[in-house]
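Chemist:
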Amino acid sequence: MLVSPLTFAKSVGTVTFKTGNPTITHADKTTSAAEKNTVLNAGDTIDTGNGRLQLSLIDGGKVSLQPNTVYKINKYEFSGKEDGSEYAFTELVKGGLRTVSGLIGHKNRDRYQLKTAVATIGIRGTEFTVNFYNNQLLMTTNHGSVDVCNQGGCLNALSGMTIGVAGIGAAPKFSKTAAVAAVT
Numbered sequence: 103m104l105v106s107p108l109t110f111a112k113s114v115g116t117v118t119f120k121t122g123n124p125t126i127t128h129a130d131k132t133t134s135a136a137e138k139n140t141v142l143n144a145g146d147t148i149d150t151g152n153g154r155l156q157l158s159l160i161d162g163g164k165v166s167l168q169p170n171t172v173y174k175i176n177k178y179e180f181s182g183k184e185d186g187s188e189y190a191f192t193e194l195v196k197g198g199l200r201t202v203s204g205l206i207g208h209k210n211r212d213r214y215q216l217k218t219a220v221a222t223i224g225i226r227g228t229e230f231t232v233n234f235y236n237n238q239l240l241m242t243t244n245h246g247s248v249d250v251c252n253q254g255g256c257l258n259a260l261s262g263m264t265i266g267v268a269g270i271g272a273a274p275k276f277s278k279t280a281a282v283a284a285v286t
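Residue numbers for the sequence shown, in the working numbering: 103 to 286.
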């Protein structure tokens, strides 16, 4: 009997809400519909299309994906406690999301990263909203503290502050325009 590698993949979370017809491309390149209670694994790429998804991660984190968003779970490990072995490395290829961090990254901030083509976002135990379209990033900290870093530098945004990156190679700068949770 042949068994798919996904059979042995470790769950990183589940879909808790969906609208529209979002899809998940798995590490083995198969694609499936994203439905409520769908199990997510490291290596999954989620494409919301015209829909929305809410994800619940095993470390207690929550992610709300907006329409026209592509989000990758590149690497994820959590044993149930913060012991230094945990990490969450994700990527926003395009689109918008709002996230509330779970336990990963509270003690070791470098263990949580959300990458885009123009900057990497790191947390300090927080909630933030990100929009990334046409290689332009806008990140607003809703609660806590967030770092936005690239080769041009690093900026930290506290609650209510927004950082923008105007394109590939552009340094992060503070912005008066906030990232929005619902992008249409």
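Glycine included, every Cβ here is placed at the ideal spot set by N, Cα and C. Keep in mind the model is a prediction, meaning the values are calculated, not measured.
Return the chain-ordered list of same chain residues with a C-beta closer than 7 Å to the C-beta of methionine 103, the five sequence neighbours on each side being excluded.
Modeler: Against the sequence shown, residue 103 aligns to sequence position 1. With a pLDDT of only 38 at methionine 103, under the threshold of 50, the placement of this residue in the model should not be trusted, and no figure is reported.
Chemist: Run through DSSP, which three-state label would glycine 269 get?
Modeler: Taking the sequence shown and counting its residues from 1, one reaches residue 269 at position 167. The answer is coil: DSSP assigns glycine 269 none of H, G, I, E or B.
Chemist: In chain order, which continuous runs of the beta strand (DSSP E) of length 3 or greater are located wholly inside the segment 176–203?
Modeler: 189–202
Chemist: At a Cβ threshold of 9 Å, is threonine 127 touching chain D?
Modeler: The structure shown contains no chain D; it holds only a single protein chain.
Chemist: Have a look at Asn123, Ile265 and Glu188 and flag the residue whose alpha-carbon is nearest the alpha-carbon of threonine 222.
Modeler: The residue labelled residue 222 in the question sits at position 120 within the sequence shown. Nearest option by C-alpha distance: Ile265.
Chemist: In the DSSP assignment, what residue or residues form a beta bridge with valine 76?
Modeler: Limits of the chain in this structure are 103 at one end and 286 at the other, which puts residue 76 out of reach.
Chemist: With distances taken Cα to Cα, identify the nearest neighbour of isoleucine 126 among Ala281, Asn143 and Thr118.
Modeler: Position 24 of the sequence shown holds residue 126. Nearest of Ala281, Asn143 and Thr118 to isoleucine 126, Cα basis: Asn143.
Chemist: Of all the options Arg211, Thr243 and Asp149, which has the alpha carbon lying nearest to the alpha carbon of tyrosine 189?
Modeler: Residue 189 sits at position 87 when you count from the first residue of the sequence shown. Per the Cα distances, Arg211.
Chemist: Can you give me the C-alpha to C-alpha distance between tyrosine 235 and asparagine 170, rounded to a whole angstrom?
Modeler: If you number the sequence shown from 1, residue 235 lands on position 133. If you number the sequence shown from 1, residue 170 lands on position 68. Cα to Cα, the separation comes out at about 10 Å.
Chemist: Quick check: what's the CA-CA separation for isoleucine 270 versus glycine 198?
Modeler: For the purposes of this step, residue 270 is identified with residue 168 of the sequence shown, where counting begins at 1. For the purposes of this step, residue 198 is identified with residue 96 of the sequence shown, where counting begins at 1. For isoleucine 270 and glycine 198, the distance between alpha carbons rounds to 18 Å.
Chemist: At the level of alpha carbons, what is the spacing between valine 248 and lysine 164?
Modeler: Translated into the one-based positions of the sequence shown, residue 248 becomes position 146. Translated into the one-based positions of the sequence shown, residue 164 becomes position 62. C-alpha separation (whole angstroms): 16 Å.
Chemist: If you reduce the DSSP assignment to three classes, tell me which class aspartate 130 lands in.
Modeler: Mapped onto the sequence shown, residue 130 falls at position 28. Coil, per DSSP.
Chemist: Measuring CA to CA, which of Ala135, Lys131 and Val114 is closest to asparagine 123?
Modeler: By one-based count along the sequence shown, residue 123 stands at place 21. If we check each option's Cα against that of asparagine 123, Ala135 comes out closest.
Chemist: Jot down the residue ranges of each uninterrupted beta strand (DSSP E) in the segment 224–283, minimum 3 residues, whole runs only, in chain order.
Modeler: Complete beta strand (DSSP E) runs here, min 3: 229–235, 238–245, 247–252, 255–260, 264–267 and 275–277.
Chemist: Using a 10 Å radius around the Cβ and a threshold of 16 neighbouring Cβ atoms, would you call threonine 192 buried or exposed?
Modeler: Looking up residue 192 in the sequence shown gives position 90. Buried is the call here.
Chemist: Over the uninterrupted beta strand (DSSP E) stretch that includes valine 165, give me the two end residues.
Modeler: Here the question's residue 165 lines up with position 63 in the sequence shown. Unbroken beta strand (DSSP E) run through valine 165: 164–167.
Chemist: For serine 181 and serine 187, I'd like the C-alpha separation in whole angstroms.
Modeler: For the purposes of this step, residue 181 is identified with residue 79 of the sequence shown, where counting begins at 1. For the purposes of this step, residue 187 is identified with residue 85 of the sequence shown, where counting begins at 1. One Cα belongs to serine 181, the other to serine 187, and the distance between them is close to 8 Å.
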